[in-house]
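Novice: Residue numbers (my numbering), protein chains in the order written: chain A, 10 to 329; chain B, 3 to 203; chain C, 27 to 678.
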Amino acid sequence: MSALDVNQSVLSPAGIQASAIHSLWSLMLWVCAAVFMAVLAVLFVALRRGTRNRSHDDFEPASEAALSRSVGAAVGVTVVVLIGLLTASVWTGRTIGSLHAASAVTIAITGHQWWWEIQYEDAVPGRRVVTANELHIPTNRPVVVKVTSRDVIHSFWVPNLQGKRDLIPGYTTALWLQADRPGVFRGQCAEFCGMQHAHMALDVIAESQQQFEAWLEAMRQPARDPSDSTLRRGHDVFMHARCAGCHTVRGTEAAGQIAPDLTHIATRHTLGAGTLSNTAEHLAAWIQDAQRLKPGNQMPPNPLTEEDLLALVVYLETLR
Amino acid sequence: MSEVRTLDVSTLPPGAFGSRTLTFWGTLGIVIIEGTVFALAIGAYFYLVTRFPAWPPHGLAAPDLRWGTLNTLVLLASLIPNELTRRAGEHVDLHRVRIWMVVCLAFAVAFNVVRVYEFAHLNVMWDHDAYGSIVWLLLGLHTTHIITDFLDSSVLTTLMFMGPVEEHRFVDVEENAVYWYFVVLAWLPIYGVIYWAPRVL
Amino acid sequence: MMRRHDPSIGGDLERLEETWADPNGWYGWFMHVDHKSIGRRYLLTAFGFFLLGGVLAALMRVQLSRPDNTFLGPDLYNEIFSTHGTTMMFLFAVPVMQGLGIYFVPLMVGARSIAFPRLVAFSYWMLLFGGIFLYVSFLLNAGPDVGWFSYPPLAESLYTPSKRADVWAQLITFTEVGSLAVAVSLITTALKLRAPGMTLNRIPIFVWAQVVTSFMVLFAMPAVMLASTSLILDRLVGTHFFDVEHAGDALLWQHLFWFFGHPEVYIIFIPGTGLVSTIVATFSQRRMFGYLPVVLSLVSTAFMGFGLWVHHMFATGLPQLGESFFTAASIIIAIPTGTQIFCWIATMWSGRIVVRTPMLWILGFFAIFIAGGLTGVMLAAVPLNTQVHDTFFVVAHFHYVLIGGAVFPLFAAFYYWFPKITGRLLSERLGTWVFGLLFAGFNLTFFPMHILGLHGMPRRVYTYPAAMGWGSLNLLASIGAALMACAIVMFLVDAIRAYVAGAAAAHNPWNAGTLEWATSSPPPNSNFPSPPTVAGREPLWENPPGQAVVVGLRADARDVLVTHVLDAEPDHRLLFPEPSIWPFLTGIATTVLFIWSIFTPWGVVYGAVPVFVMLVGWFWPKSAHEGGTQLWPFAHRMLPRPNETPAAGGAI
Numbered sequence: 010m011s012a013l014d015v016n017q018s019v020l021s022p023a024g025i026q027a028s029a030i031h032s033l034w035s036l037m038l039w040v041c042a043a044v045f046m047a048v049l050a051v052l053f054v055a056l057r058r059g060t061r062n063r064s065h066d067d068f069e070p071a072s073e074a075a076l077s078r079s080v081g082a083a084v085g086v087t088v089v090v091l092i093g094l095l096t097a098s099v100w101t102g103r104t105i106g107s108l109h110a111a112s113a114v115t116i117a118i119t120g121h122q123w124w125w126e127i128q129y130e131d132a133v134p135g136r137r138v139v140t141a142n143e144l145h146i147p148t149n150r151p152v153v154v155k156v157t158s159r160d161v162i163h164s165f166w167v168p169n170l171q172g173k174r175d176l177i178p179g180y181t182t183a184l185w186l187q188a189d190r191p192g193v194f195r196g197q198c199a200e201f202c203g204m205q206h207a208h209m210a211l212d213v214i215a216e217s218q219q220q221f222e223a224w225l226e227a228m229r230q231p232a233r234d235p236s237d238s239t240l241r242r243g244h245d246v247f248m249h250a251r252c253a254g255c256h257t258v259r260g261t262e263a264a265g266q267i268a269p270d271l272t273h274i275a276t277r278h279t280l281g282a283g284t285l286s287n288t289a290e291h292l293a294a295w296i297q298d299a300q301r302l303k304p305g306n307q308m309p310p311n312p313l314t315e316e317d318l319l320a321l322v323v324y325l326e327t328l329r
Numbered sequence: 003m004s005e006v007r008t009l010d011v012s013t014l015p016p017g018a019f020g021s022r023t024l025t026f027w028g029t030l031g032i033v034i035i036e037g038t039v040f041a042l043a044i045g046a047y048f049y050l051v052t053r054f055p056a057w058p059p060h061g062l063a064a065p066d067l068r069w070g071t072l073n074t075l076v077l078l079a080s081l082i083p084n085e086l087t088r089r090a091g092e093h094v095d096l097h098r099v100r101i102w103m104v105v106c107l108a109f110a111v112a113f114n115v116v117r118v119y120e121f122a123h124l125n126v127m128w129d130h131d132a133y134g135s136i137v138w139l140l141l142g143l144h145t146t147h148i149i150t151d152f153l154d155s156s157v158l159t160t161l162m163f164m165g166p167v168e169e170h171r172f173v174d175v176e177e178n179a180v181y182w183y184f185v186v187l188a189w190l191p192i193y194g195v196i197y198w199a200p201r202v203l
Numbered sequence: 027m028m029r030r031h032d033p034s035i036g037g038d039l040e041r042l043e044e045t046w047a048d049p050n051g052w053y054g055w056f057m058h059v060d061h062k063s064i065g066r067r068y069l070l071t072a073f074g075f076f077l078l079g080g081v082l083a084a085l086m087r088v089q090l091s092r093p094d095n096t097f098l099g100p101d102l103y104n105e106i107f108s109t110h111g112t113t114m115m116f117l118f119a120v121p122v123m124q125g126l127g128i129y130f131v132p133l134m135v136g137a138r139s140i141a142f143p144r145l146v147a148f149s150y151w152m153l154l155f156g157g158i159f160l161y162v163s164f165l166l167n168a169g170p171d172v173g174w175f176s177y178p179p180l181a182e183s184l185y186t187p188s189k190r191a192d193v194w195a196q197l198i199t200f201t202e203v204g205s206l207a208v209a210v211s212l213i214t215t216a217l218k219l220r221a222p223g224m225t226l227n228r229i230p231i232f233v234w235a236q237v238v239t240s241f242m243v244l245f246a247m248p249a250v251m252l253a254s255t256s257l258i259l260d261r262l263v264g265t266h267f268f269d270v271e272h273a274g275d276a277l278l279w280q281h282l283f284w285f286f287g288h289p290e291v292y293i294i295f296i297p298g299t300g301l302v303s304t305i306v307a308t309f310s311q312r313r314m315f316g317y318l319p320v321v322l323s324l325v326s327t328a329f330m331g332f333g334l335w336v337h338h339m340f341a342t343g344l345p346q347l348g349e350s351f352f353t354a355a356s357i358i359i360a361i362p363t364g365t366q367i368f369c370w371i372a373t374m375w376s377g378r379i380v381v382r383t384p385m386l387w388i389l390g391f392f393a394i395f396i397a398g399g400l401t402g403v404m405l406a407a408v409p410l411n412t413q414v415h416d417t418f419f420v421v422a423h424f425h426y427v428l429i430g431g432a433v434f435p436l437f438a439a440f441y442y443w444f445p446k447i448t449g450r451l452l453s454e455r456l457g458t459w460v461f462g463l464l465f466a467g468f469n470l471t472f473f474p475m476h477i478l479g480l481h482g483m484p485r486r487v488y489t490y491p492a493a494m495g496w497g498s499l500n501l502l503a504s505i506g507a508a509l510m511a512c513a514i515v516m517f518l519v520d521a522i523r524a525y526v527a528g529a530a531a532a533h534n535p536w537n538a539g540t541l542e543w544a545t546s547s548p549p550p551n552s553n554f555p556s557p558p559t560v561a562g563r564e565p566l567w568e569n570p571p572g573q574a575v576v577v578g579l580r581a582d583a584r585d586v587l588v589t590h591v592l593d594a595e596p597d598h599r600l601l602f603p604e605p606s607i608w609p610f611l612t613g614i615a616t617t618v619l620f621i622w623s624i625f626t627p628w629g630v631v632y633g634a635v636p637v638f639v640m641l642v643g644w645f646w647p648k649s650a651h652e653g654g655t656q657l658w659p660f661a662h663r664m665l666p667r668p669n670e671t672p673a674a675g676g677a678i
């Protein structure tokens with residue numbers, strides 16, 4: 010695969026778990042390739058022999074006993090190889106599972122049709138951070154992701170970091186991961202979840218502990234009051250059009266619970282869970298008619314006047 | 003052409019009873035299928051049990067024992083005329099077949115009627131929660147069996163009275179009795195699950 | 027009992043053919059009960075659905091051939107992939123294998139009919155009506171759109187308020203009723219209707235494979251029927267089996283579904299291995315090496331197949347101990363499959379091989395299926411599974427297993443048995459082209475999908491952004507799909523040409539050893555004018571000269587010899603049913619019930635009345651002299667007492 014623009018691959022691991030799985034993959038690939046070649050080689054020889062036997066009326070058929078011994082030996086080798094692979098698999102499973110640490114960052118992820126709700130837990134309720142579709146994690150520190158779903162089954166999968174885990178309504182399970190280098194790693198829902206399953210992605214941004222802390226602190230801040238008339242107009246549109254019914258912007262009266270938290274929308278890289286890059290044009294188009302861009306999603310079209318739309322976009326762009 | 007030897011089967015009997023018949027193996031297949039359905043439904047019940055701290059959930063009362071237990075006794079008692087029907091069929095005894103099949107039908111009417119009271123005393127509706135759903139499903143599955151067993155026994159009985167009575171109908175009588183055994187015996191674990199699991203667990 | 031006999035029965039032969047004939051005419055067409063007629067219908071119908079499923083696949087490949095494509099929208103794409111999977115699993119793979127069983131199991135065991143022929147006719151109508159129901163729904167924009175696995179809560183009415191999920195669930199009911207009935211018939215045929223002398227250790231491996239598969243059907247299909255019934259109840263009458271808000275559980279569905287769904291793979295693949303064993307033996311011109319290990323492999327695969335379902339649920343986050351158990355089980359199941367592969371190779375090694383088109387497909391099977399089996403071992407490893415599960419890697423894997431393990435053997439079987447079914451030969455030259463093109467097209471389509479999966483492409487996405495870099499491999503896969511389509515078109519041309527104007531086939535053009543080749547091509551209505559007895563595993567190779575044939579069955583009635591389960595000694599004779607319109611009418615009534623019940627639960631209650639009436643009609647004695655049975659009061663009792671030993675035919 011040439012020129013990968015995006016990090017979303019099992020084959021370039023960026024964390025302890027993904028690396029362990031990648032080693033298992035390499036082992037399996039080579040063993041299986043060898044088995045494949047060996048069996049086909051024997052098959053080829055058998056075919057040659059069998060065809061030659063046909064043209065020689067006086068051929069001596071291999072004795073049934075010799076065939077039995079060969080088949081028995083082949084089955085024996087199969088058993089040994091399989092036990093070897095089983096051992097490697099269980100070993101890898103233990104490596105991945107044994108990452109429990111008190112210093113872990115705990116993040117709760119809730120699946121929605123079709124976006125990710127992300128919550129950074131904190132002992133102090135006021136310090137909890139809610140965001141969406143973009144996960145920041147510190148490098149070289151264990152992260153425990155607690156996943157569940159609000160509606161249908163989704164699956165959280167960031168292949169560069171860890172295998173996938175289903176988000177199942179009624180269940181909360183914990184997944185450990187740890188990035189060992191900084192970078193942006195894309196993840197995508199891996200369990201079919203309805204019409205826009207294809208557009209349910211998220212970015213995982215692995216960064217140094219300091220950057221992570223700084224980001225988290227920034228996320229804790231509520232939105233600032235609008236400072237000029239355009240922003241005020243945008244703010245009012247947000248509050249009085251339908252936006253505030255579904256979205257939350259902390260620090261304002263917008264406290265809707267069914268759609269992504271927009272308190273820091275301007276800092277995020279994408280719109281619509283990875284559907285579009287987060288630019289002013291895309292944002293305006295999304296607000297006007299998200300159905301055209303991501304058919305079936307929960308956000309209704311918003312027929313705003315051009316001025317209102319412009320003001321709203323300018324306002325949203327300040328939510329950093 | 004070289005001489006071909008022959009195996010003359012013209013003297014073999016035109017029919018048989020028990021496991022020698024095709025019908026037996028057909029019935030066995032149906033018993034496997036339906037037995038698996040029952041077993042999986044019971045499995046689903048216990049799977050749902052593990053998801054809740056208390057069972058039945060939400061403080062519901064367990065089903066009343068009276069009607070279910072009564073019906074268990076009726077079903078078990080029906081095995082006596084059922085066995086007598088089976089034997090009469092095997093002996094190609096039309097007179098006895100007629101008598102005992104009618105007795106069986108009387109039992110079938112009885113346990114179908116009592117079943118209505120069972121449903122009324124489950125103490126939960128199917129749309130209340132998953133517990134109600136699985137209990138109704140278990141009882142409903144078995145009910146479809148006692149209804150169909152009643153219906154096909156009725157048809158067979160009618161045939162045995164109206165005629166023309168063909169020989170192979172006696173094999174049908176026998177296999178019908180075998181299936182009846184299955185329907186009654188399958189009830190026992192279902193009875194245990196519906197009525198006793200909520201009390202014991 | 028043994029005497030010299032002139033095998034030409036003379037005038038009786040015509041009478042016999044008349045007795046076993048299905049009625050002519052358009053009305054008669056609905057009354058067929060001949061297993062060859064039903065078997066042909068099964069094969070043609072299943073192949074028709076294969077083509078429809080293939081068209082859907084082609085549409086998906088067009089959509090995915092480039093990033094951000096807008097050829098299909100998400101709604102239609104989801105409907106198409108769901109209908110594709112549902113079609114291939116329920117309307118093609120299982121029925122086509124059962125169709126082969128319906129046609130060939132009676133012939134291979136030397137019987138004049140399949141057991142319960144009317145039930146098999148009924149099953150066919152269930153398959154046909156179910157398939158029509160699915161595709162009419164699809165055309166009415168009500169095709170399933172929640173995958174062939176239909177996971178709740180997505181399939182619950184809250185998230186799929188349309189009738190689409192109900193259509194899926196009722197299609198399951200249609201096809202499973204049919205599959206279960208056929209399974210019972212095949213088991214009974216193989217156990218009770220074998221030619222005298224065909225003891226358990228002389229049953230052809232293909233018949234073993236069908237028996238083992240049929241038992242798997244009996245234990246597996248009830249699970250999906252229970253699941254789909256519960257789903258319909260949730261949607262229709264408000265039960266809460268899978269509804270978290272009301273104490274239900276979403277994973278309950280997955281347990282039930284995969285308890286069926288994993289054995290389903292083996293239900294499709296085990297008959298495929300039976301085909302391979304048959305064809306490898308014929309073209310190696312020796313009996314299959316390792317009969318016992320191969321049969322035991324089939325049986326143990328079937329058992330283990332029921333212990334693997336959780337490996338479809340590794341990503342749900344199960345406790346590690348459970349995971350390890352299912353990993354071990356999933357890996358161990360490779361042992362019986364490996365054993366079979368080694369036995370095939372040993373057969374070829376010590377045989378006298380002639381490579382004709384059927385054998386080409388078998389060689390293709392080896393290459394593809396082994397690759398698919400090995401990726402299956404990879405998928406059994408939980409850590410790796412959590413990475414590639416639900417990605418295109420898995421799509422590649424199971425197409426290697428199912429197309430390699432079932433479709434290639436099916437094509438082999440088609441080229442192998444076409445002369446038997448039609449009496450005509452297919453073109454070797456065109457056959458080689460079809461094979462080459464399909465083999466190349468297949469690998470071009472599905473091999474890149476392994477890489478796509480590893481590079482993060484999930485399944486069931488209707489499009490992907492250009493930045494993902496998945497475009498070129500997807501384009502390659504789409505080109506491969508086009509090659510496959512060409513191969514299928516060529517195949518159709520060859521099949522139609524051969525059917526109309528192919529060279530006449532000899533009775534046994536491949537010099538095979540099993541009993542279906544002991545009769546003419548195509549076989550007469552009665553299958554065997556003189557039913558055979560056997561003295562070896564490959565009777566046509568091993569029977570001594572002058573091997574006995576069965577005589578004494580009536581020519582004026584559908585008289586069938588029933589034998590003992592274990593040793594196939596003659597036991598009794600049985601009159602088989604005549605052609606009948608009732609299976610068709612019962613099929614119609616059942617269809618009305620199933621479709622009605624999608625709209626109201628009362629459909630089940632009222633719809634059951636016509637079904638009951640039809641069934642009574644089915645079983646009601648037609649006339650005083652149907653088949654010439656004895657009527658009460660019997661002149662003399664023909665049925666023996668239960669403990670009487672019947673006068674057996676004596677030693678063969």
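Here a beta-carbon is modelled for each residue, glycine too, at the ideal position from N, C-alpha and C.
Straight-line CA distance for A:A141 to A:P269?
Specialist: Going by the C-alpha atoms only, they are around 6 Å apart.
Novice: Expressed to the nearest angstrom, what Euclidean distance is found between the alpha-carbon atoms of C:S453 and C:P435?
Specialist: Each residue's Cα considered, the two are about 18 Å apart.
Novice: Please compile the residues from chain A whose C-beta is within a distance smaller than 7 Å of the C-beta of C:F368.
Specialist: Those within 7 Å of C:F368 in chain A are V80, A83 and V84.
Novice: Hey, out of C:Q196, C:R228, C:Q236 and C:G467, whose CA is closest to C:V210's CA?
Specialist: Ranking the options by Cα distance to C:V210, first place goes to C:Q236.
Novice: Just to confirm my understanding: we take C:W496, look at its own chain, exclude 5 residues before and 5 after, and list those with CB closer than 6 Å. What are they?
Specialist: L478, M483 and Y490, listed in sequence order.
Novice: So, does the CB of B:F54 fall closer than 9 Å to a CB anywhere in chain C?
Specialist: It does; some Cβ of chain C falls within 9 Å.
Novice: Tell me which same chain residues have a C-beta within less than 6 Å of the C-beta of C:G99, skipping the five on either side of it?
Specialist: Around C:G99: no qualifying Cβ.
Novice: Can you confirm whether B:P191, when its beta carbon is compared against all beta carbons of chain C, has any partner nearer than 9 Å?
Specialist: Not an interface residue.
Novice: Quick check on C:F175: does DSSP put it in helix, strand or coil?
Specialist: Coil at C:F175, not helix or strand.
Novice: Let's test the definition: count the other Cβ atoms within 10 Å of the Cβ of A:E69 and tell me whether it reaches 16, buried, or not, exposed.
Specialist: With fewer than 16 Cβ atoms within 10 Å of its Cβ, A:E69 is classed as exposed.
Novice: Give the residues of chain B in contact with C:T545, contact being defined as C-beta atoms less than 7 Å apart.
Specialist: Going along chain B, no residue has its Cβ under 7 Å from C:T545, so there is no contact; the nearest lies around 15 Å.
Novice: Could you tell me whether any Cβ in chain C is nearer than 9 Å to the Cβ of A:N62?
Specialist: By this cut-off, A:N62 is an interface position.
Novice: Report the residue from A:Q187, A:G196, A:Q197 and A:P231 whose alpha carbon sits nearest the alpha carbon of A:Q218.
Specialist: The shortest Cα separation from A:Q218 among A:Q187, A:G196, A:Q197 and A:P231 belongs to A:Q187.
Novice: At a CB-CB cut-off below 9 Å, which residues of chain C make contact with A:G102?
Specialist: The contacting residues are Q346, E349, S350, T353, A407, V408 and P409.
Novice: Within the same chain, show all residues whose beta-carbon is closer than 6 Å to that of C:R190, passing over the 5 residues directly before and after it, in chain order.
Specialist: Taken in chain order, the residues that qualify are A168, P170 and D171.
Novice: Check whether chain C comes within 9 Å of A:H206, counting only Cβ atoms and requiring the distance to be less than that.
Specialist: It does; some Cβ of chain C falls within 9 Å.
Novice: Which residues, in chain order, does the region 102-115 of chain B contribute to contact with chain C at a C-beta distance below 8 Å?
Specialist: Cβ contacts with chain C: none found.
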